[in-house]
Every structure is written in structure tokens, then in C-alpha cells.
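In this note's numbering, the protein residues as written are 3 to 1005.
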Amino acid sequence: MNELREADNLIPVDYSDLLQHIFNKLLEKNMFKISSDRLRLLINIDEIAGSVAKAKVENPISDTRFVRSATINFANEEKFAKKIREIKDCLEQSLKSSIEEENLVNFIEGLTTNLESFQGKATQLGLSYPFNESYTGLQTQELILDSDKNGSDSLLKFAKLTITVKNTQQFSSELQEGIENHIADFCETDAQDAYEILESQVNQESSDFNLLQKLADTETLGKLKREAIIVYLEHIAQNIDSKDRNTKGFIYLKDLIRRLRLIEEYLDEQTDDFEVYYAGVTVNYKDIFARGEAFDDLPIIPTIEGNLGESRDKETGEVQFTLGLKLQLNGKVQKDEGKTSFEYNLNIINPSNSEHQAKLADPDIQSRESFARKVLIRVFLYFFVFTCDDSNAENYHLDDELNYDPRPKFEQVLIKLKGNNDDEKRGIFRGIVRGLNERGVLEKVETLRRLLIKFIDKKGRLPVCNENPFISISREILNKDSDSISTGDFFQEDLRQSKKILKYIYIDKTGVNINALCQLPVNIKIEDIRYFQGESAPQKFQLKYDIEGVNVLPVFWMPKTNPCWRYYQRYFEPKYKHILLAYDNQCLNQDKENQESFNSEQKFVYRFTWILLSYLCLYILLEECKEYTQKLLFMPMVRLHQGTSENPFHAEKFLANLSKLLCHLFSQKYRCNSQGFRVHKPPSSFNIRNGLNSLYSVLPKKFRLTDNSKFPKLQKLAIIIVSSRESDGKRDNKNSQDRIVTLIGEVIGVERLADGSIKIQPLITFDNNYSLRNMYREPPILTETVNDLYSEGYQDFLYVAQATYTSTLHITQKEEDEELYFMSPTIIKAMKQGQKNIKIYPVFYDKYYVHSLKNMNASSLYIQDTRQLTNISEDSSQKAVVFFNLFNGISVGKKEERNYNGVISYSTLLGSFYSNVMDDADIREALVLDSQLKNDILQYLTFFHFSRFERQSKVSLKLDPYENIIGDEGIGALSIFPHITEKINFNGLAFLTEVTKIVDVPF
3 MNELREADNL IPVDYSDLLQ HIFNKLLEKN MFKISSDRLR LLINIDEIAG SVAKAKVENP
63 ISDTRFVRSA TINFANEEKF AKKIREIKDC LEQSLKSSIE EENLVNFIEG LTTNLESFQG
123 KATQLGLSYP FNESYTGLQT QELILDSDKN GSDSLLKFAK LTITVKNTQQ FSSELQEGIE
183 NHIADFCETD AQDAYEILES QVNQESSDFN LLQKLADTET LGKLKREAII VYLEHIAQNI
243 DSKDRNTKGF IYLKDLIRRL RLIEEYLDEQ TDDFEVYYAG VTVNYKDIFA RGEAFDDLPI
303 IPTIEGNLGE SRDKETGEVQ FTLGLKLQLN GKVQKDEGKT SFEYNLNIIN PSNSEHQAKL
363 ADPDIQSRES FARKVLIRVF LYFFVFTCDD SNAENYHLDD ELNYDPRPKF EQVLIKLKGN
423 NDDEKRGIFR GIVRGLNERG VLEKVETLRR LLIKFIDKKG RLPVCNENPF ISISREILNK
483 DSDSISTGDF FQEDLRQSKK ILKYIYIDKT GVNINALCQL PVNIKIEDIR YFQGESAPQK
543 FQLKYDIEGV NVLPVFWMPK TNPCWRYYQR YFEPKYKHIL LAYDNQCLNQ DKENQESFNS
603 EQKFVYRFTW ILLSYLCLYI LLEECKEYTQ KLLFMPMVRL HQGTSENPFH AEKFLANLSK
663 LLCHLFSQKY RCNSQGFRVH KPPSSFNIRN GLNSLYSVLP KKFRLTDNSK FPKLQKLAII
723 IVSSRESDGK RDNKNSQDRI VTLIGEVIGV ERLADGSIKI QPLITFDNNY SLRNMYREPP
783 ILTETVNDLY SEGYQDFLYV AQATYTSTLH ITQKEEDEEL YFMSPTIIKA MKQGQKNIKI
843 YPVFYDKYYV HSLKNMNASS LYIQDTRQLT NISEDSSQKA VVFFNLFNGI SVGKKEERNY
903 NGVISYSTLL GSFYSNVMDD ADIREALVLD SQLKNDILQY LTFFHFSRFE RQSKVSLKLD
963 PYENIIGDEG IGALSIFPHI TEKINFNGLA FLTEVTKIVD VPF
């Protein structure tokens, strides 16, 4: 059954002309070449891709207007499938002709090696690794949360933020009442007509009345988060030790608070669009700084890290958001040679900086535009927060810092930013950077940093901070013309321009305001949560690799230029049988010497050709392996990169993402992983070992508890991880349910072996494309995956997705809109398939950060007492319950830079969410109550975190073992490439998923 046919309003794509060009080039040249010793297979995709890119190719998208993404809504599905099969058949014939008389199966089998032969030290480039090393002395230590214990005895502290918005269910009626009062004030004769029109608008979804409600619903939480950030700084200032109140650091703290308030006032005063321009990019400052993370680019600022809970009481209309706070303290930016955050961000502003120049020359238009936005955002922030008088001036006094007003001078800058002369803007940017450097702002930042580090190191508990502002809608939004009001035109014209209306929605700290049209009371609460060492003894365990019988088929992605090629010839070519994909790593660079650069259309064709041919070539080869080889085959993909992390070569970056995409797809049947090594300078043994840890992290591992009496009882557990990414959609949201999305997933298997050890390994990945309206109902790929696992003896399933918390106040939320996305009851019901033995445990996760007050010896720490965890997030309705917090016990970096440790928080859903779908008691038994089953599942979950370790020094858990599937570094994000029309996205994973179906790889 085709899952995509409902997407008729989407623009079709037709790759026929492009596929024909690829096919014609394949007929002209055989890409495959066998080394003379028959130990290496060279596949020259790069030459074919470069050649096809130079041909004149038709745009696959017939109409690019309003298109955000276009990938697999094929104009003619049968025609597409036929072309794919023709290309595959051509590749097979070329491969067979290259190996001459030798049997293809024997040739491929001859390229594989037993992984145990790679046993060795991991001190130099290559694939050698100490697989037989046993990691002992690992341990987990229980923590407890106790609000009565002395704070000075605590190990960790956490700044917990709770934002509570009250009376949301009364918002509509209060808004209506406020408008009725306004009608009474301005309409003496036609009031009744106006009342009737207002009543009809209340009941009309698309009316101005409901538009205002929607804007208040969606735009307010960002304002509340920014307010909470300033409140936290004020709370810190109130609790600074008295002896530190006359220091420079304290003055700088007060000035930071003052300037953030100035930004809020300045933005609220703006009446125009407030749009500025640079490098072809438009930024609306009111839009950008309406977001909760608006201040995050400052070097010292509280940031909100972690959405730990969201609850709503439908009866009282109270909505509560539980969040984590963390201080950003001008830390070192690793990807920029250890520069501080302040220095790094000044370099972004500075047009003379090489990274600034390189980013604006990026061939990827989306990356280019993203960087230009970063520049404009930082220009505003750094000008407003850091410009100052000369502290070396004769009449300067420290308190002068608290009187400086950046607004008049910024108005002069703003005039230039609104113009179209980028050279003039670059001059201004250089002047800002020069001024901040000359006036010693970095030293001020460091002084403030030292004060704040001293503050967070305080062991005594802070008092609870409570602020009670109001969300207010200004009466100024109402029309004052009686004739207009009498005809139902109640609002200013600004209402129809959503960002202009933001000036009428504000956070009011003065209390009940008679000038407000309506108000919602808010509580902002900041608590100092403390963690203490538990009384139970640490749980000790060990881990080791389990690679018996694993065969390996290496694939090397190598630039044909030095130093990469030299390293390849020394460390890889003579030592390993392998497949080689060599390429020109400068072909996508804008500044390539002595050769014309590809334009945007050619870059898409180049990428498309690489995506299709690399997949088909490797698919053909892997399918020729014998069945017993396939079962335990591991395909490591190793890449060498000449570019640096801050200035990568664009071809290297593209092929790195492609290799990860291919690994994900081939992990449906094999084990596969990709890892790169930067060789612009000789890599250290530390970096080599870390890279190999990451490369081999997908291999099976065995864990064993030291205490035999605590062996888990649960035989098997499957951890299913899911995410999604759009492949086809339009820029408007009118038909959002018609969008095509790719469902992306991975399954981890946990099994208790006969000897009591616990084996953890990736089992499969899975993907399929669906219209959005179908994906959150009954996606067959999930049902089929659970069915296959059930047939292999799995009955308990931990079903993991990232927390689906919203950014709205639920003012306009209706019952039918209350989607749980991947956790919806319809999906859970489909996965259970009516089998009572199948237990699905829905799990959300998110991360937050804690500050360490004492040295911790444990590799990890945990809390699993559900009653204690209500201190982190408590849902009064008991629908969402936090059941496990897992802490990374190891801090990375120098001691003076280690300010926070990461925590992953797991929660589940209870109550009426899954009535008539599954027994609530099953979830409680597995995740909430103090039971053997819960202990086993959480033990397995902890082992899974450790199984993904990537660091050479002390082995520690990987805080986010789901990042390959979920988030900005997940495979869904890495699969997005610019289309032939640059501002349109092409989803490589969605595309190859359809190709996979055609070449008959079963899902």
C-alpha cells in the first residue's frame, strides 16, 4: 500500500532527466577498479558525479513557489522505479566485468576480515583496537533528594525553574469582557450591533478575536522565559555575599541586569518592522528577540536547559512548565582553538576574521544565511550589553557603568543596518569589535565570571525565589474609532501583522493594571535543589567487547590530496583489505583555484549522484556476501578530513553526512558506523583512541555486575528509539497534515545470558515515509518491527522519544488537538497488536545540568525513587511521572572550566492516556513502583548509556545515547541537503528509503 498518495497538494518531483544523465555516464565509464593484489576495490563515484554535474539537467521541481522541501512526491512512480533498476543493473554489469572471471561472491568474501585480527593498541591511525581489554571498576552510586538536609553536605545542586500561568481557561471570556467594556465606552448608539458581531467573532475560528488569542498563546512563553532569566540574575544579586557587594564583579552583574531590561524596553518601544539586512539576509529584531533563547549568545547569561515537565489542570486553567537553569560562564569553545565564548562571538561579528569570510562564502545557502543571521543577532546583543565609556578616561568612576545608555548610539548603527551597503556595515562591525577590545570588555566579562563561579560554589542553600508578574494585553490594541467599532473592526491594523502585535503583549510586574485589556497571573519560581549521597553501597560492574565471529568490511572515504592521501597510503592502504571511495575534497569550495566552481544546481546534481551511486554500489556488494557473513558483518566507514572543525571543506562535510546516512540504512541488516579523523595537523593518540571508541561503539558489549546477588531477572528488553523528519512540504501550514515525513528508528537489544552477563547490541534500524496524518496513527513499520522482535522472544519494550513539551499556554487548545505524537494511544495500540504479552513502556527524556560541589568517584549517579523525583518535576494530575535521573559522574576539561555535569531525566505517562489500550498497572510495575522489574529495566538502561562510551580516559556513560536518531545531530538532520533550488530541502534518507523499496531490500 502506498502511504504517500494523499499528498496531492504537494509539488511533484521528476528525476527522469537527471537519472538518465547518470545512466548515460555509467555506460561511458566503468567506476570499478580492482587493485593488482585484489585486496582493494576502488569505486570512482566522484568522477561520474563531477561529470554529471557539468551537464545541463532539468530541475526536478516543476513549480518552486512556496515549497520548503521536495523529495519523494514522484510525478511518475513507475518511471522512477524503472530508471533506478536500470542504473542498478548497469552497476552490477560493470562490477562483474571488473572482476573478470572470478566469482563475485568469492571476491566480496575475500575483502572481509575477521575483526579479531585488528586486536592491538589504538595509538596511531588505522583500525587496531584493544578489543580484549576489560573495563573494570565501573560503578553507579545512588543519590537522594532531601529538602531537610543541610545544603553544605550536598554533592550537587540544581537551579530549578517553574513557570506557572493561571486562569488560562478564563482568558477568552476576560478578553471578550474587556472588548465589551470598550464597546460600551465608545459606541453610544450602535453598541448592540457591535456586541452581536463580537459574539460571532468569538465563535469564528479565523476571526481577529481568535487570532489575538492564538498570538497570545504562542508568543507569550518566550517572553516569560526571558523574564525568568533576568529574575534569576536578580535573585543571584540579592544573595551575593555582603563582602562581594562592593567589587567590580557585582557592579558588572547589576549592569548586565540593567542592560537586559533596557533591551526589553527598547524592543517594546519599536513601532516599525525593525528589519535589518546583511549578506542578503533579513532579520527582524523584534521577531528574533521574542524567543526564550534570545540572550543565549551572550558569554555570561543564564540559559534554560531542559524541559523537565509540563502539566495542565483543565478545571482551573493552570499550566505549569518545569525547566532547568544553567549559567553560561564564558567557557572555552573547543572548535575554535580554545577561545572563550566572548572571543569566539566577536570573531563571528568581525568581517576581517577568516571564519566570517569563509562562512559567507559557504556554497550551502542555508548555512550562509544562518551565519549572516548570527552576525546580526550578535551585533545587537554585544552592542547593547557591552559598549561602554572608556574606563581609562580621567573622570571615569566604576559606578558610571550603571549609567551608560547604549540606545542613542545604536540608533545610528541601526540606520546603517537597515540600508543595503554591506561594505559600510562591515566597517561598523569592525568598529564594534575594535571598541570592545580596546575598552577591555573581556576583562570585565572574566571579572563577572569569577564572581558567579564563587556564587555557584556556595554550599549553603538559597531561599526560594518567587515572582508574580502578569501577562497583560494592552488596551492600546483596540480601535478607538466608534464607526469602525460599530461594524466589528475592534482592533488596530497591527493585529494582522503578528510580530507588530508583540508590543501589545507584555510582562507586567506592577500587578493588576487598569490599562490592561485582560491579564493572566503568573508565578516564576526558582528553587535550589540539592542532591546527597545515598546510603546504599555503589553498584560495581565491568564491561568488555563481544566480537566473536564478527567479520569486517572497511570502507575508506579519502580525499585525493595531501595530507589525507599520504596518511591513507601509510596507515590504511597497505594494512587492510577495503573498499576505497576517493574524491576531490575541494570541488564544492567556492574559492577552488584554477577551476570554475560549481553553481547551486551543479552542487545538487553532484550530491544527488553521490547519494544514489554510493548506496547502490554498497548495496550490490553487501547483498553478494554469504548469509553467515551477512549475519555478523561489520562495515566501519573511516574518513580523513583536511578541513578543520571551524572551517570544514564542504565536500568533506557532505560526504561525512552521507556516510552516516548510509550507515544508518545498512544497519537494517548489518552493523555499520562512520568516523572521521582530522589530519590538518598530526592527530594525537588521545584523539585517535576517542575516534576509534566512537567507531566501535556499535559493537556488542557484555556487562557483568560484581555482586552476584543482584543479577537481573528480566531475560530480554528491546529499546525502540523513534524520530521523524520532513521530506516534502510547503512553507504555509494550511495543509500541514499533507506533508510527507520520514519515520526514523533504531532498536537496541538487551539480553541476559546464561552466565549472568548482560549483552547489549544494536539490533536494527528502520525507516519509512508517510503522510503526516498517517504517521501518528498506525505506521506499519513500527508494528512490523515489534512483531519481528516478538517472534525473537522480546516481550518488554522501552519505547523512547524526546519529550514533546510545547511552547504554548494552551489558551486555544482543543481536545482534538491534543496529540502525543509518537506516544499517541493509536500507535501504542497498533504496536501491541492485541497481544497481552507485549508490554510497551512509553518513555520521554530530556537533559538538564547540575553543579558539582564535591569530587565524585562514581562513573555515574542515579535517582530512581519516584517519590523523591517529584522534587524535580511534579504533575499535580499525576499523568506524567519522572521515574529515573541518570547523572554523568565524570566532568570533562580542566577543573576551573568544569562547572556543570549533565543529567538525563526519564518520565512516563500514566492515567487515562492509554485507557482501553494497555493496563496502567504494567507501566507502574515496570517504571514507577519499587519492583524487581523496574530495577532490571533501569539497570539495563544504565548499561546502554555506558555501551556508547566514546572517551579514552575514565570510561563514563554517554549522556545522550539517542543522538544518532533524535536531535540536531541525528540522522534525520544530517540527511537534509540543499535542493537544485537552494532554499528548498532535499531529504536524502527519505529518497534512499524509496530506492531501497525498489531494489527489494525488505523492511
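Built from N, CA and C at the ideal position, the CB exists for glycine as well.
Please read all numbers here as calculations on a predicted model, not as lab measurements.
If we count Cβ pairs, one from each stretch, closer than 8 Å, do we get three or more for the region 436-443 versus the region 472-488? The region 436-443 vs the region 472-488: no contact.
With DSSP as the reference, identify every bridge partner of ARG641, one or two as the case may be. Beta bridge pairing from DSSP links ARG641 with TRP559 and GLY678.
Hey, how far is the Cα of LYS761 from the Cα of VAL749? A straight line joining the alpha-carbon of LYS761 with that of VAL749 spans about 14 Å.
Mark PRO702 as exposed unless 16 or more other C-beta atoms lie within 10 angstroms of its C-beta, in which case mark it buried. PRO702 is buried by the Cβ-count criterion.
Residues in the same chain with beta-carbon distance under 6 Å from LYS90, minus the five sequence neighbours each way, listed in chain order, please. Around LYS90: LEU618 and VAL1001.
When the Cα atoms are used, what is the spatial distance from THR164 to PRO565? Their Cα atoms are separated by approximately 53 Å.
Quick one: grab the DSSP three-state call for VAL466. Of the three classes helix, strand and coil, the one that applies to VAL466 here is coil, per DSSP.
Cβ neighbours of GLN768 in the same chain (closer than 7 Å, five flanking residues each side left out): Note on residue identity: the sequence assigns Phe, not Gln, to residue 768. Apart from sequence neighbours up to five positions away, the residues of its chain that approach PHE768 with a beta-carbon distance below 7 Å are GLN670, GLY747, ILE783, THR787 and PHE1005, ordered along the chain.
For LYS816, count neighbouring Cβ atoms within 10 angstroms of its own Cβ and tell me buried if that reaches 16, exposed if not. Residue placement at LYS816 is flagged as unreliable, the pLDDT there being 48, under the threshold of 50; the coordinate-derived value follows with that caveat. LYS816 should be labelled exposed.
Member of TYR280, SER933, ARG673 and ALA658 whose CA lies at the smallest distance from the CA of HIS358: Here the closest residue by C-alpha is TYR280.
What do you get for GLY836, buried or exposed, if any count of 16 or more other CB atoms within 10 angstroms of its CB means buried? Exposed, by the Cβ-count rule.
I'd like the span of the alpha helix (DSSP H) that includes TYR792, first residue to last. Run containing TYR792: 782-793, per the alpha helix (DSSP H) assignment.
CB LEU719 to CB VAL752, shorter than 9 Å? For LEU719 and VAL752, yes; Cβs fall inside 9 Å.
Using 8 Å as the threshold, is the region 601-615 in touch with the region 36-50, meaning 3 or more CB pairs across them? Short answer: they touch.
Nearest candidate by alpha-carbon position, reference GLU176, set THR166, GLN215, LEU145 and TYR843: For the residues THR166, GLN215, LEU145 and TYR843, the minimum Cα distance to GLU176 belongs to GLN215.
On the three-state DSSP scale, how would you describe ASP391? For ASP391, the three-state secondary structure derived from DSSP is coil.
Exposed unless 16 or more other CB atoms sit within 10 angstroms - verdict on VAL514: VAL514 is classed as exposed because its beta carbon has fewer than 16 other beta carbons within 10 Å across all chains shown.
With DSSP as the reference, please indicate the residues paired to HIS580 in a beta bridge. BP columns for HIS580 point to ARG42.
Grouping DSSP H, G and I as helix and E and B as strand, with all else coil, what is ASP19? If DSSP states are grouped into helix, strand and coil, ASP19 belongs with the helices.
Since ALA653 contacts TYR585 with CB under 8 Å, what's their CB separation in whole angstroms? At roughly 6 Å, the Cβ-Cβ gap stays under 8 Å, so ALA653 and TYR585 are in contact.
Thinking just about the alpha-carbon of each residue, which of ILE723, ARG741 and LEU935 is nearest to the one in LYS715? Here the closest residue by C-alpha is LEU935.
Presumed contact (8 Å Cβ cut-off) between PRO638 and LEU327, rounded CB distance: With 8 Å as the limit, PRO638 and LEU327 do not qualify as a contact, their Cβ atoms being about 41 Å apart.
Does the contact criterion of 3 or more C-beta pairs under 8 Å hold for the region 218-238 versus the region 366-382? With a cut-off of 8 Å on Cβ pairs, the region 218-238 is not in contact with the region 366-382, counting fewer than three such pairs.
Start and end residues, alpha helix (DSSP H) containing CYS589: No alpha helix (DSSP H) holds CYS589; DSSP gives it neither H nor E.
What span of residues does the beta strand (DSSP E) with ALA161 cover, start to end? It spans 158-167 - the beta strand (DSSP E) in which ALA161 sits, taken as one unbroken run.
Under 8 Å by Cβ, that's how I've got ILE982 and ASN61 pegged, so tell me the actual separation to the nearest angstrom. Confirmed, about 5 Å.
Pull up the DSSP beta-bridge partners for THR115, would you. Answer is VAL554, bridged to THR115.
Based on Cα-Cα distance, which residue from ASP192, SER476 and GLU984 lies nearest to TRP602? A quick correction: the sequence has Ser, not Trp, at residue 602. Selected option, being the one with the closest Cα: GLU984.
Return the CA-CA distance between ARG673 and PHE636, expressed in angstroms with no decimal places. In a straight line, the C-alpha of ARG673 is about 5 Å away from that of PHE636.
May I ask you to report which of helix, strand or coil DSSP gives ASN439? For ASN439, the three-state secondary structure derived from DSSP is helix.
With three or more C-beta pairs closer than 8 Å as the rule, is the region 21-37 touching the region 95-107? In short, these stretches touch, since the Cβ pair count reaches three.
Give me, in chain order, the residues of the same chain whose beta-carbon lies closer than 8 Å to that of THR114; leave out the 5 immediate sequence neighbours on both sides. ASN553, VAL554, LEU555, LYS579, CYS627, THR631 and LEU635.
Where does ASN903 fall in DSSP's three states? ASN903: strand per DSSP, three-state reduction.
For LEU145: DSSP bridge partner residues: Beta-bridge pairing links LEU145 to GLN535.
With DSSP run on the structure shown, which of helix, strand or coil describes MET3? With a pLDDT of only 40 at MET3, under 50, the local geometry of the prediction cannot be trusted, and the value read off the model is given with reservation. Shown here, MET3 sits in coil according to DSSP, grouped into three states, outside any helix or strand.
Measuring only the C-alpha atoms, how far is ARG42 from ASN108? If you take the alpha carbons of ARG42 and ASN108, they lie about 14 Å apart.
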